[in-house]
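Chemist: For the record, in the sequence shown the residue sitting at position 21 is 330 according to our numbering, with numbers rising by one throughout.
Just so you know, even glycine gets a beta-carbon here, dropped at the ideal spot from N, CA and C.
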Amino acid sequence: SDSTLALLCSPRAASGTGQWVPLHPVLARTKGFIVPWLTVREGDEFTFEYSMKGDRMANYFMYWYRRGPRGSLEWICRGRYSYGECFQDRFKGRVENSQNNYTLQLLSAELGDAATYYCGAELPWSNSAAE
């Protein structure tokens with residue numbers, strides 16, 4: 310198929326009310342290069358990467374979200390084992406605590422995956438996820 314979709318990374322934390330956890334900038338990793346956005350074809354595989362600076366990722370619960378064209382925030386996964394509805398089959402989260410990295414891999418892109426992707430970090434004793 311010749312269909313392509315744009316995948317954006319957050320240039321800054323998302324603003325607005327009702328956010329469950331702070332959202333952080335992420336980058337896309339493709340063919341060995343780190344880029345702030347990319348366009349992929351349907352069926353392509355791609356990886357987003359967040360690197361935590363100034364703290365230890367092992368101290369946090371890590372999340373992936375995305376905001377699509379309609380503006381709603383969708384929860385993709387927490388850590389590497391807990392996934393939102395409809396995301397568990399094509400997405401894989403991976404926490405690399407020793408490298409302070411959290412990656413999100415999409416195994417086969419679909420047109421509906423066009424969105425801005427965000428990483429979230431929550432301290433375990435925070436009540437923000439319950440609000």
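Around the Cβ of Tyr-390, are there at least 16 other Cβ atoms within 10 angstroms (buried) or fewer (exposed)?
Modeler: Counting from 1 along the sequence shown, the entry for residue 390 is found at position 81. Exposed is the call here.
Chemist: Short check: CB of Arg-375 to CB of Ala-418, under 9 angstroms?
Modeler: As a working mapping, residue 375 is identified with position 66 in the sequence shown. As a working mapping, residue 418 is identified with position 109 in the sequence shown. No.
Chemist: Among the residues of its own chain, which have a CB less than 6 angstroms from the CB of Gln-414, if the five just before and after it don't count?
Modeler: The residue labelled residue 414 in the question sits at position 105 within the sequence shown. Contacts found: Thr-356, Lys-401.
Chemist: Buried or exposed: where does Thr-451 fall if 16 or more other Cβ atoms within 10 Å of its Cβ makes it buried?
Modeler: For residue 451 there is no data in the structure shown, the boundaries of the chain being 310 and 440.
Chemist: Leaving out the 5 sequence neighbours to the left and right, which residues in its chain are closer than 6 angstroms to Glu-354 when beta-carbon positions are compared?
Modeler: Reading the sequence shown from its first residue, position 45 is the one you call residue 354. Cβ neighbours of Glu-354 beyond the five flanking positions: Leu-416.
Chemist: Give the straight-line distance between the Cα atoms of Leu-432 and Met-371, rounded to the nearest whole angstrom.
Modeler: Numbered from 1 along the sequence shown, position 123 holds the residue referred to as residue 432. Numbered from 1 along the sequence shown, position 62 holds the residue referred to as residue 371. Taking the straight line from one Cα to the other gives about 9 angstroms.
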